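Below you'll find the structure, written out as structure tokens, and then a few comments.
Chains as they are written, first to last, in my numbering: chain H, 103 to 273; chain A, -7 to 573.
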């Protein structure tokens, strides 16, 4: 799976500073994962559906990072996502994000290339329902998604698409 | 009776002097030494292009072969210098095209270079060998094509971090088939894809190629082709470090790396797929310089890689390395001299990685040769800074950026005066310092008292009053460059220390409290300083004299007032007549 350039990602229709840009951080903040949490969920964090556009930075030229370094990072979209069985999001992260864009519509599966495990991206929407990513149009997904979880394909059997009852009734 | 050596003998002796300081000292001995020296000076370094004019340089040194020059002030890197401010190289190229037909080298930093300038270089200097454009802008790949096509003996073409308008990758194909002289090629800042076969053939026919820094568009699968044709490479910058995960690609890559027995430096590493990192393990033990600052890989992969590089002297890396990775670095790399840790998410409100002051403390403890640090983080404490200072008294460059402006010691909530005070007190060889965090006038007192070898100081969101600035200007004997933003420093300290400014290269102050009136006064009192007021709000005299200026840039000069100022720059002349403008 070769990385796509940023321009091709679906969210590029929200290019620039618009609010629904998916820009998220990696897990692994100062807190260590709590042991005993079920299914390694400790790193589940909400998707931050906020703007990270540098034009909205409060202060010009701060922090003192050169523009070509900022640009490198802008192309790098990373996702705080819980992955079944893994306390941290490590190798899966960036590749996942790129994979989501291409696989969501086509295959609805993501493979962690380092170990061949297949995952199905799921998300919890505003109503608290767990849905398969790709069931609803991308825009609706971005607007309604509260958090994501990558379930191992083998365990995702019970999750039927509920899109038909949701997607079409929303304007 | 005059016991003097014949000129030729003196010239021969002077030829062993490479440092400008030594040559300048020699020039002052007597008139005849001045004359002999000036005819045999071959290299000129101009730290500020506006400090002197082309005519003055050419008149004094008629036989120059190499010019190195810097233009915009450092804060231009962070967009604080408006577009169009200046630093145009063309007048220099024009003058030198006539005066120095034998010119071989031009190295520029933060200057505006046009295609016209590049074409003039290509046409004018038959023996041109070295072009280094560091953080420059204003030219396109068409200009590069002229250089490639016409400079028969080109050895170095290095575009490091320049902003090039990338019209196409076709420029590389302009190197003629009989060009075999390349020693160094750095095109890492370019976006467009070059013809790979042209690149391959160029690399193959240049047996002295030592440095090759590719751009992102060169695919990883093709890297082995280049490495096999240049096994003598000492420095390699990869392109994108990603490919479909296939065993043949991996084995080709691993084998290609293994033939490069001279590799000492690695860079590039955009879009890293970690699975391909082990392919370079065979070269790691020889690596002394590693730039992973574009590599978005996580701590475990970073640690595996860095732990193999036992002879590492310089590491540039993203904060994905985290405290744990830096601890591993400290344990493995005992020769480390320079560490730069860049922020992966500089604009995020929350920390995204587990990197704190502890990482830097670990490295300061474990790496006895550490002398140069650039560190971005989100928290710092006085205790940590004191520990670092005590661990590494031979520190030379210390640049700390705590991302939140005016962040206090996170443990005690006090200012970080004590910590930075310990740095300047313990590190007596310190030449460069950048400070952030909550800082009062006290830290400047420490700096003024202790930082006697400090040459460059960068300050942001710090200090309480003019006293802070006064401590620095009156105490730092060796100060050459001072850059300040968003500090409550005003007229008093500046005017009281006006004479100091003539001993420095330059002073930058933006978003401070220096009034227009004080700038005018400074310009009047100090004819050998250029006092530039940079203000995009319109003419400063349309506002009260007490109104602070947006930006102030003061530098010593022996040139006449510059003729290329844009509409938002006002020169504070005293009695200089404006009749000539």
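Virtual Cβ for every residue (Gly too), placed ideally from N, Cα, C.
Keep in mind the model is a prediction, meaning the values are calculated, not measured.
### Query
Is the distance from the Cβ of residue 132/A to the Cβ of residue 150/A below 9 Å?
Taking the first residue of the second chain as 1, we reach residue 132/A at position 140. Taking the first residue of the second chain as 1, we reach residue 150/A at position 158. No, Cβ-Cβ distance for residue 132/A and residue 150/A is not below 9 Å.
### Query
Nearest chain H C-beta to residue 158/A closer than 9 Å, yes or no?
Within the second chain, the letter at position 166 stands for residue 158/A. Residue 158/A does not count as touching chain H.
### residue 206/H, buried or exposed, once every other Cβ within 10 Å from all chains shown has been counted against 16
For the purposes of this step, residue 206/H is identified with residue 104 of the first chain, where counting begins at 1. Legend: pLDDT at residue 206/H = 46, less than 50; position of this residue unreliable, value from coordinates given subsequently. When all chains shown are included, residue 206/H counts as buried.
### Query
By how many angstroms is the C-alpha of residue 120/A removed from the C-alpha of residue 384/A?
As a working mapping, residue 384/A is identified with position 392 in the second chain. As a working mapping, residue 120/A is identified with position 128 in the second chain. C-alpha separation (whole angstroms): 43 Å.
### Task
Examine chain H for any beta-carbon lying closer than 9 Å to the beta-carbon of residue 72/A, and answer yes or no.
For the purposes of this step, residue 72/A is taken as the residue at position 80 of the second chain. So, interface residue.
### Task
Compute the Euclidean distance between the alpha carbons of residue 110/A and residue 502/A, then round it to the nearest angstrom.
In the second chain, counting from the first residue as 1, residue 110/A sits at position 118. In the second chain, counting from the first residue as 1, residue 502/A sits at position 510. The straight-line gap from Cα to Cα measures roughly 33 Å.
### Message
Along the chain, where does the beta strand (DSSP E) containing residue 426/A start, and where does it finish?
### Response
As a working mapping, residue 426/A is identified with position 434 in the second chain. Per DSSP, residue 426/A belongs to the beta strand (DSSP E) from 424 to 427.
### Task
For the region 278 to 317 of chain A, list the beta strand (DSSP E) runs that are entirely contained and at least 3 residues long, ordered along the chain.
281 to 284 and 306 to 310
### Query
So the alpha helix (DSSP H) residue 512/A belongs to, where does it begin and stop?
If you number the second chain from 1, residue 512/A lands on position 520. Where residue 512/A is concerned, the enclosing alpha helix (DSSP H) stretches over 508 to 517.
### Entirely enclosed alpha helix (DSSP H) segments - the region 228 to 252 of chain A, minimum 4 residues
239 to 250
#### Entry: Nearest to residue 429/A (by Cα), restricted to the options 415/A, 449/A, 393/A and -4/A
By one-based count along the second chain, residue 429/A stands at place 437. Comparing Cα-Cα distances from residue 429/A to each of 415/A, 449/A, 393/A and -4/A, the minimum goes to 393/A.
### Query
Taking C-beta to C-beta, are residue 202/A and residue 182/A nearer than 9 Å?
Locating residue 202/A in the second chain gives position 210, where the first residue counts as 1. Locating residue 182/A in the second chain gives position 190, where the first residue counts as 1. No, Cβ-Cβ distance for residue 202/A and residue 182/A is not below 9 Å.
### Query
Just the Cα atoms here: how many angstroms apart are residue 135/A and residue 114/A?
In the second chain, counting from the first residue as 1, residue 135/A sits at position 143. In the second chain, counting from the first residue as 1, residue 114/A sits at position 122. Cα to Cα, residue 135/A sits roughly 9 Å from residue 114/A.
### Task
Could you name the residues of chain A that residue 221/H contacts, counting a contact when the two beta carbons are closer than 8 Å?
Taking the first chain and counting its residues from 1, one reaches residue 221/H at position 119. Chain-order list of chain A residues neighbouring residue 221/H: empty, with the shortest C-beta distance near 17 Å, by a criterion of under 8 Å.
### Minimum Cβ-Cβ distance from residue 153/A to chain H less than 9 Å
Position 161 of the second chain holds residue 153/A. For residue 153/A, the nearest beta carbon of chain H is closer than 9 Å to its own beta carbon.
### Message
What ranges does the alpha helix (DSSP H) occupy inside the region 121 to 159 of chain A, keeping only unbroken runs of at least 4 residues that lie completely in it?
### Response
Those alpha helix (DSSP H) runs which fall completely within the region 121 to 159 of chain A and span 4+ residues are 133 to 142.
### Query
Excluding the five sequence neighbours on either side, which residues of its own chain have a C-beta within less than 8 Å of the C-beta of residue 159/H, listed in chain order?
In the first chain, residue 159/H corresponds to position 57, counting from 1. Unreliable placement is indicated for residue 159/H, whose pLDDT of 47 sits below 50; no coordinate value is reported for it.
### Coil, strand or helix - residue 99/A by DSSP
The residue you call residue 99/A lines up with position 107 of the second chain. Residue 99/A: strand per DSSP, three-state reduction.
### Query
Cα-Cα, which of 251/A, 505/A and 104/A is closest to residue 221/A?
Sequence index remark: in the second chain, residue 221/A carries index 229 (1-based). Distance check between residue 221/A and each of 251/A, 505/A and 104/A places 251/A closest, using alpha-carbon atoms only.
### Task
Kindly identify the DSSP beta-bridge partner or partners of residue 475/A.
Here residue 475/A is taken as the residue at index 483 of the second chain, counted from 1. Per DSSP, 450/A and 500/A.
### Query
Closer than 9 Å, CB to CB, is residue 397/A near chain H or not?
By one-based count along the second chain, residue 397/A stands at place 405. Judged by the 9 Å Cβ criterion, residue 397/A is in contact with chain H.
### Query
Can you name the residues of chain H whose CB is closer than 7 Å to the CB of residue 69/A?
Locating residue 69/A in the second chain gives position 77, counting from the first residue. Simply 168.
### Task
Identify the contact partners of residue 334/A in chain H, using a Cβ-Cβ distance below 8 Å as the criterion.
By one-based count along the second chain, residue 334/A stands at place 342. Under the 8 Å cutoff, chain H gives 167 and 171.
#### Entry: Separation of residue 321/A from residue 133/H, as counted between CA atoms
On the first chain, residue 133/H is found 31 positions in, with the first residue counted as 1. On the second chain, residue 321/A is found 329 positions in, with the first residue counted as 1. Residue placement at residue 133/H is flagged as unreliable, the pLDDT there being 36, under the threshold of 50; the coordinate-derived value follows with that caveat. Roughly 22 Å between the two C-alpha positions.
### Task
Classify residue 51/A as helix, strand or coil using the three-state DSSP reduction.
Numbered from its first residue, the second chain carries residue 51/A at position 59. Residue state, collapsed to three classes: helix.
### Query
So residue 257/A is in the alpha helix (DSSP H); what residue range does that whole segment cover?
In the second chain, residue 257/A corresponds to position 265, counting from 1. That residue, residue 257/A, is in no alpha helix (DSSP H); its beta strand (DSSP E) goes 257 to 259.
### Task
Check whether the Cβ atoms of residue 330/A and residue 66/A lie closer than 9 Å to each other.
Reading the second chain from its first residue, position 338 is the one you call residue 330/A. Reading the second chain from its first residue, position 74 is the one you call residue 66/A. No, Cβ-Cβ distance for residue 330/A and residue 66/A is not below 9 Å.
### Task
Look up residue 418/A in the DSSP assignment and say whether it is helix, strand or coil.
Sequence index remark: in the second chain, residue 418/A carries index 426 (1-based). Helix at residue 418/A.
#### Entry: residue 446/A beta carbon less than 9 Å from that of residue 466/A
Along the second chain, read from residue 1 onward, the residue named residue 466/A stands at position 474. Along the second chain, read from residue 1 onward, the residue named residue 446/A stands at position 454. No, the pair does not count as a contact, with Cβ atoms beyond the cut-off.
### Message
Let me see if you follow: with CB-CB separation under 9 Å, is residue 393/A close to chain H or not?
### Response
Against the second chain, residue 393/A aligns to sequence position 401. Output row for residue 393/A: interface = yes.
### Query
Of all the CB atoms in chain A, is at least one closer than 9 Å to the CB of residue 164/H?
Against the first chain, residue 164/H aligns to sequence position 62. Output row for residue 164/H: interface = yes.
### Task
Tell whether a beta-carbon distance below 9 Å holds between residue 288/A and residue 273/A.
Position 296 of the second chain holds residue 288/A. Position 281 of the second chain holds residue 273/A. Contact flag unset, no.
### Task
Quick one: residues in its chain with C-beta nearer than 8 Å to the C-beta of residue 145/A, no 5 flanking neighbours on either side, listed in chain order?
Residue mapping note: residue 145/A aligns to position 153 of the second chain, counting from 1. Excluding residues within five positions, the ones whose Cβ falls inside 8 Å are 119, 120, 121 and 173.
#### Entry: Any 3 or more C-beta pairs closer than 8 Å across the region 190 to 198 of chain A and the region 242 to 259 of chain A
no
### Cβ pair residue 278/A, residue 305/A closer than 9 Å
Translated into the one-based positions of the second chain, residue 278/A becomes position 286. Translated into the one-based positions of the second chain, residue 305/A becomes position 313. Not a contact, by the Cβ cut-off of 9 Å.
### Task
In the DSSP assignment, find the unbroken alpha helix (DSSP H) run with residue 465/A in it and report its ends.
Here residue 465/A is taken as the residue at index 473 of the second chain, counted from 1. First-last of the alpha helix (DSSP H) with residue 465/A: 458 to 467.
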